[in-house]
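Chains H and P, in that order, are what the protein sequence lines are. To convert a position in the first sequence, counted from 1, into this note's numbering, add 218. To convert a position in the second sequence, counted from 1, into this note's numbering, add 218. Ideal Cβ placement from N, Cα and C applies to all residues, glycine included. First comes the structure, then the notes that go with it.
There are 2 protein chains.
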Amino acid sequence: MTPHILVVEDEAALVELLRYNLEEEGFRVSAAADGEAALAAVAEDKPDLIVLDLMLPLISGLEICRQLRRRPETRGLPIIMLTARGEESDRIRGLDSGADDYVTKPFSPSELVARVRAVLRRARPALAQDSLGYGELVMDLAKRRVTREGRAIHLSPTEFRLLQYFMEHPGRVFSREQLLDAVWGLDAEVEPRTVDAHIRRLRKALNDGGKADLIRTERAAGYALDSKPY
Amino acid sequence: MTPHILVVEDEAALVELLRYNLEEEGFRVSAAADGEAALAAVAEDKPDLIVLDLMLPLISGLEICRQLRRRPETRGLPIIMLTARGEESDRIRGLDSGADDYVTKPFSPSELVARVRAVLRRARPALAQDSLGYGELVMDLAKRRVTREGRAIHLSPTEFRLLQYFMEHPGRVFSREQLLDAVWGLDAEVEPRTVDAHIRRLRKALNDGGKADLIRTERAAGYALDSKPY
DNA sequence: TCCGACTGTCATAAAACTGTCACGGAACCG
DNA sequence: CGGTTCCGTGACAGTTTTATGACAGTCGGA
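This is the structure in structure tokens:
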């Protein structure tokens with residue numbers, strides 16, 4: 219899953235600069251022009267990291283930072299603060315209020331990207347290294363590749379998303395309907411039984427070579443990524 | 219068993235719109251116009267999901283949400299919050315207070331219906347208790363798995379529900395009829411003695427390997443999850 | 001346009017699970 | 001002690017659910 223970055227900045231030109239550079243680096247980018255919009259955006263689609271300008275209309279960056287830190291579900295959300303040169307005291311307060319890093323304007327795009335990566339790596343290793351693991355299974359999100367015991371496994375797009383969802387919730391049982399919601403989307407009009415077919419293809423791909431089955435079927439309940447059936 | 223949706227909304231026109239669309243989709247719909255009526259309705263006939271307007275007379279949606287979350291019997295009740303656009307901070311507070319999803323007015327009926335479906339399907343181990351324990355027995359609802367002394371035990375769907383019921387009321391004795399009502403459902407047409415068969419299978423699965431029996435038979439009364447007397 | 005990869009559906013086979021029964025043994029009663 | 005009542009078992013057939021193989025339609029490149 220590509221990391222999602224929210225840029226909170228009122229200067230449109232800067233937003234576009236950041237968007238361009240971050241997207242170039244494989245991040246998904248959304249933007250908000252002021253504090254209210256930022257909080258709304260966070261509630262709507264929680265990003266993996268926020269780039270936050272200190273000087274903002276309506277609500278200051280500091281205040282947003284504090285509000286995000288207060289709420290349990292956003293407490294761990296990494297924040298990189300943008301400060302103007304000379305706002306040293308502000309900078310300190312920024313770190314004080316819970317930002318993970320700060321960048322002083324003017325900055326080079328590559329510097330920001332590097333810091334974004336660094337902070338992400340620190341905060342969300344799974345996202346930064348773009349990989350998920352379950353036992354001998356490794357999924358590299360960036361390269362979109364899956365290996366088992368080091369051996370590459372080819373998966374179709376749907377199989378990949380399905381496995382990714384399982385790997386994000388290892389061991390948990392999901393009904394066909396839940397999987398349809400999560401993997402196919404809320405508005406998909408597909409027979410629940412179709413999930414069976416993809417489970418079968420996924421199993422076949424994963425277990426190729428007579429390896430142990432990694433997917434547990436729970437009768438009348440659904441499927442789970444699970445090494446030992448019983 | 220058609221799911222029962224409670225719509226809490228003071229605007230009559232909107233209530234009718236929702237009622238029409240939800241009933242069209244096969245849901246049973248009841249409505250309450252304010253917070254007090256909502257809480258009364260929940261107490262009277264617990265719905266499977268609540269669509270809750272944030273702005274309500276008397277008691278706000280937020281407050282209702284909190285109150286429902288406080289009570290054990292309604293803690294796991296799914297709630298979809300309706301917020302007006304621009305009530306962004308309220309929206310955030312809504313999620314904060316424990317809503318499962320929110321929809322911003324104006325919304326399309328089909329969007330709401332899709333979200334209702336999705337939320338209903340989504341397991342909610344985060345709020346509902348997701349694991350039960352009795353001695354060395356552990357039941358993980360999300361993973362749908364039972365272990366005894368760490369060793370996984372495979373149970374059929376009925377055995378699982380039966381054990382779950384016992385684990386929710388440890389030590390208590392239930393008659394066959396009570397178990398049929400609770401585990402098979404009120405409208406099940408099954409011989410009471412059938413319970414015996416499942417008790418036997420459950421015992422066999424749990425005690426596999428010569429472990430002590432965890433189910434006590436109370437002659438002429440029923441069964442209980444309990445270590446043997448003496 | 002042709003081809004290969006990928007999807008969604010079916011029909012059918014294969015498992016897993018259920019509900020009942022009959023029988024035998026255990027518990028309880030006087 | 002009998003006589004009853006109640007529970008534990010093993011077997012079994014019917015049902016439900018899942019696995020499988022096949023197939024046609026789509027889509028996006030070569």
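Residue environment, residue i, which counts as buried when at least 16 other CB atoms sit within 10 Å
{"i": "Tyr-320/H", "result": "buried"}
{"i": "Ile-310/P", "result": "Summary for Ile-310/P: the model assigns pLDDT 42, below 50, so the residue's position carries little reliability; its value from the coordinates is reported in the next sentence. Classification of Ile-310/P: buried, given that the 10 Å Cβ count is 16 or more."}
{"i": "Tyr-238/P", "result": "exposed"}
{"i": "His-387/P", "result": "exposed"}
{"i": "Pro-296/P", "result": "buried"}
{"i": "Arg-363/P", "result": "buried"}
{"i": "Ala-250/P", "result": "buried"}
beta-carbon residue i near the ligand MN non-hydrogen atom, thresh 7 Å
{"i": "Glu-254/H", "result": "Questions concerning the ligand MN fall outside what the structure shown contains, since it holds no ligand whatsoever."}
Residue-level contact to chain H via CB, residue i, 8 Å cutoff
{"i": "Ala-360/P", "result": "yes"}
{"i": "Ala-332/P", "result": "yes"}
Chain-ordered chain H contacts of residue i [CB-CB under 7 Å]
{"i": "Arg-339/P", "result": "Ser-393, Glu-395, Gln-396 and Asp-399"}
Per-residue contacts from residue i into chain H (C-beta, under 8 Å)
{"i": "Ala-193/P", "result": "With chain P covering 219 to 448 only, the question about residue 193/P has no answer from this structure."}
is_contact[residue i, chain P] using C-beta, thresh 8 Å
{"i": "Gly-389/H", "result": "yes"}
{"i": "Ala-442/H", "result": "yes"}
Span separating the alpha-carbon of residue i from that of residue j
{"i": "Lys-264/H", "j": "Arg-390/H", "result": "23 Å"}
{"i": "Ala-231/P", "j": "Ala-255/H", "result": "30 Å"}
{"i": "Ala-360/H", "j": "Thr-220/H", "result": "7 Å"}
{"i": "Glu-243/P", "j": "Ser-328/P", "result": "10 Å"}
{"i": "Glu-377/H", "j": "His-372/P", "result": "27 Å"}
{"i": "Val-413/H", "j": "Leu-397/H", "result": "8 Å"}
{"i": "Arg-394/H", "j": "Thr-292/P", "result": "26 Å"}
{"i": "Ile-298/P", "j": "Leu-235/P", "result": "16 Å"}
{"i": "Tyr-352/H", "j": "Leu-257/H", "result": "34 Å"}
{"i": "Val-356/P", "j": "Ala-439/P", "result": "26 Å"}
{"i": "Val-334/H", "j": "Leu-267/H", "result": "8 Å"}
{"i": "Gly-368/H", "j": "Asp-358/H", "result": "12 Å"}
{"i": "Asp-431/H", "j": "Arg-366/H", "result": "12 Å"}
{"i": "Leu-420/P", "j": "Pro-290/P", "result": "28 Å"}
{"i": "Lys-422/P", "j": "Ala-423/H", "result": "36 Å"}
{"i": "Pro-410/P", "j": "Ala-406/H", "result": "42 Å"}
Where residue i meets chain H, residues with beta-carbon distance less than 9 Å
{"i": "Pro-375/P", "result": "Glu-436, Arg-437, Ala-438 and Ala-439"}
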